[in-house]
Every structure is written in C-alpha cells, then in structure tokens.
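Below is one structure; the comments refer to it alone.
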Ligand code: MG
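Residue numbers (this note's numbering): 17 to 402.
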C-alpha cells in the first residue's frame, strides 16, 4: 500500500509532538514530506533529520543560517508563510496537518485546500476567523476537512464524515476547566498558576487558559457551526468533567451517538491521519471493569459568559468571530504575563467587539485586517486599564 505523504504545520508544539508519536508508531503508513515550526529551530532540524523531510521551515530570519547548518542537504530550508505555502502545495502531498496555535496557518491551509490536499485541522482559529471562506474552498476543491480537535473529531466520527445537517443537535462536551466548582466571588483571586492547572488535558498555556474561561469551548462552538453546517442553536455545550465522551450527536429520531476514549490527543490525530481507515493505537484501551463514571451537567453562563458571547458573535457574523478570537488572544497573553486579572479577560473581549469596525460580508483581507485592528483596540484598552 502506498504511504500517505503528509505535511505538519506546527511540528514543535503539543499537537506536533502527538502527531509525530502517531507517525513513529505507524511508520510504514506515512512519509513526513514537510514540517514547519516557530522559534524552536533546533527541534525543527532534529525532526527534519529524523524523518528525512523534503522541506523544513521556521519562523524567524535571525535563526535561519544556524538552522540551515543543522540540516542535511536533502532538506530544503525555508522561512515563514512562504515556506509553508511551498510545502503545502507540493504535488506529492496528500494531507496537511495544521497544529499551529493562532492564525499563522490560515494562508498555507487555504493554499493546501486549493491544491487538493485533505486537511487535518487542529488550529481552531482558522475556522473561527474565516470559517465561511475556508469551508467554501473545501467544498469547491472537494477535499476532506478532518478536525483534529477531540470534540470535532468525535462529532466527525459520529456523523461518519457526513456534514449534511441531518441531525437535531450537536452536544459539544467540555471538561469545565479548573474553576468548574469555584464560586463566583473567588474568581477575583484566580492566578496564572491555578489557571494553568488543567484537570484532564495536558496542553499549551494559551489553550489551558482558554479552557479555564471556557473561551476554548466557545471557539470550538464557532468551529463546529462551520465544520458541520450547523445553526447556532443546534450546538449545545455540556459539561462533562471526565473528558471521556468527546462529544455527541443527536439525530432527528432522538438517538444520540457519542465517541469515547481516554483523553489523549493521539486518538483524534491518528484518526485524522488514517481516515477513512482505522489502525491499532499505541495507547492502552479503556478498562471499564475498573469502574468508569461519566457525569454531565449544563454550563453556568453567569460565571462563564464566553459561550453566550460566542453565540452572539455567530449571530452577528461577518468580522465578529475573528475579533472575538483576536481580543481573547491579547487578553490571555496579558493574563499570562500577570498584567491583568482573570476576570478582565472578558472585559477586553467585550470592549473590542464593541469598538471594532464591523463588516458583514468580509473578504479574507478584511478579516485579517479586522484581526489586527482588534489586537490594537485590545492592547490600547489594556494600556489604559491596567
Ligand atoms: Mg478541544
């Protein structure tokens, strides 16, 4: 059987690590044609040498000479967006897995879609910002958009790859984060340290804070609407602290399908890479004989306003979701630098949403412009209010 040729954008982060774990485990199934990383250029070079990649790209020009010296002659070194676009459009590539946190993967992923590649998507920002444009390109190119985010991957599995809106509801599960049981009056004293302590998932700092505010779930809700062609009110968030049911789909007859596994990103990543096939996983199976409890409850919208804010953004449409995401990124960065308290994150987002120059039917350029405008508004607000 022919090996699948893949590109990994964001090869040094936690998604990259899990992807490489799958590739090492199923080494007879995949060729890693290209990889792209950010500032950890030594790690990018190590991976390129291990997998004998055709392309390897990093973010910063100042590291480029040193980076090149670490590579063998069979790997072409490149920089930033240009480098990513080149590997994503290489004719030999079958699938591009994008795990870059933030929006740096947007243009390369669009290029990959236009070149007919299937996409494994972990960067939720791409669909949050430009879901309408990206999914229109997916339909036009006839490629598969396979979500890697555990929840969307679960929904994709429940729908068996069919996104034809033949379901009643999507039930998007959510761990509830570290402050699920924290009383509202204690939110003022939440610190960087307590917020980074996620109960079930081991992830990067940005997404861990987003789990604590439920902004992660809110961005996922927006993502689900685009991926599965859902109406805003067809997606409901359900708190499920054990993170074993990764999401559920309720069909018109009332039947509910769910996808379950231990919380490990290897599962959704492997499924995205091997789809439509399934292969043996490197992870131990679930042991129900030891007793497994699954609980579900509704979210508390008073302590966690993010979900309703996201639904409002979706109803407004246009540049609103992109601004929601950009303002949150700025706010989370400020919280991680300990320059703003936890509760201020929502103030930054609300203020930025109100202030930005809304466009109802934006082009990709206008979305990218709205994203930078939002960052400026948010930073300005922080400068005046911290
Ligand atoms: Mg998720």
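Glycine included, every Cβ here is placed at the ideal spot set by N, Cα and C.
Beta carbon of residue i nearer than 7 Å to that of residue j
{"i": "residue 166", "j": "residue 262", "result": "yes"}
{"i": "residue 214", "j": "residue 229", "result": "no"}
{"i": "residue 282", "j": "residue 188", "result": "no"}
{"i": "residue 56", "j": "residue 88", "result": "no"}
{"i": "residue 397", "j": "residue 364", "result": "yes"}
{"i": "residue 114", "j": "residue 123", "result": "no"}
{"i": "residue 259", "j": "residue 279", "result": "yes"}
{"i": "residue 266", "j": "residue 184", "result": "yes"}
{"i": "residue 299", "j": "residue 34", "result": "no"}
{"i": "residue 220", "j": "residue 73", "result": "no"}
{"i": "residue 61", "j": "residue 25", "result": "no"}
Where residue i falls, given that 16 or more other Cβ within 10 Å makes a residue buried
{"i": "residue 155", "result": "exposed"}
{"i": "residue 134", "result": "buried"}
{"i": "residue 308", "result": "exposed"}
{"i": "residue 387", "result": "buried"}
{"i": "residue 17", "result": "exposed"}
{"i": "residue 359", "result": "exposed"}
{"i": "residue 13", "result": "The structure shown does not extend to residue 13, since the chain spans only 17 to 402, so no value can be given for it."}
{"i": "residue 99", "result": "buried"}
{"i": "residue 341", "result": "buried"}
{"i": "residue 120", "result": "buried"}
{"i": "residue 36", "result": "buried"}
{"i": "residue 372", "result": "buried"}
{"i": "residue 153", "result": "buried"}
{"i": "residue 270", "result": "exposed"}
{"i": "residue 176", "result": "exposed"}
{"i": "residue 204", "result": "exposed"}
{"i": "residue 390", "result": "buried"}
{"i": "residue 379", "result": "exposed"}
Beta-carbon contacts of residue i that lie in its chain and below 8 Å, excluding the five residues immediately before and after
{"i": "residue 337", "result": "144, 145, 147, 238, 326, 329, 330"}
{"i": "residue 240", "result": "167, 168, 171, 186, 188, 246, 251"}
{"i": "residue 208", "result": "351, 352, 354"}
{"i": "residue 79", "result": "55, 57"}
{"i": "residue 90", "result": "68, 70"}
{"i": "residue 65", "result": "86, 87, 88, 91"}
Cβ-heavy atom distance, residue i to the ligand MG, below 6 Å
{"i": "residue 182", "result": "no"}
{"i": "residue 252", "result": "no"}
{"i": "residue 389", "result": "no"}
{"i": "residue 226", "result": "no"}
{"i": "residue 141", "result": "no"}
{"i": "residue 6", "result": "For the chain, the structure presents residues 17 to 402; residue 6 sits outside this window and is missing."}
Same chain, Cβ closer than 6 Å to residue i, five either side skipped, listed in chain order
{"i": "residue 376", "result": "334"}
{"i": "residue 71", "result": "50, 92, 103"}
{"i": "residue 394", "result": "343, 346, 364, 368"}
{"i": "residue 313", "result": "255"}
{"i": "residue 206", "result": "358"}
{"i": "residue 317", "result": "324"}
{"i": "residue 139", "result": "114, 116, 121"}
Same chain only: Cβ atoms within 7 Å of residue i, ignoring 5 sequence neighbours per side
{"i": "residue 159", "result": "129, 132, 133, 134, 135"}
{"i": "residue 163", "result": "137, 169, 172, 243"}
{"i": "residue 76", "result": "55"}
CB contact check: residue i to chain B, cutoff 7 Å
{"i": "residue 40", "result": "As a matter of chain content, chain B is missing from the structure shown, which is built from one protein chain."}
Does the stretch 81-89 come close enough to the stretch 99-106 to have 3 or more Cβ pairs within less than 8 Å?
no
For the structure I just gave you, are there three or more beta carbon pairs, one from the stretch 106-120 and one from the stretch 20-27, closer than 8 Å?
yes
At least three beta-carbon pairs within less than 8 Å, the stretch 287-297 to the stretch 38-53:
yes
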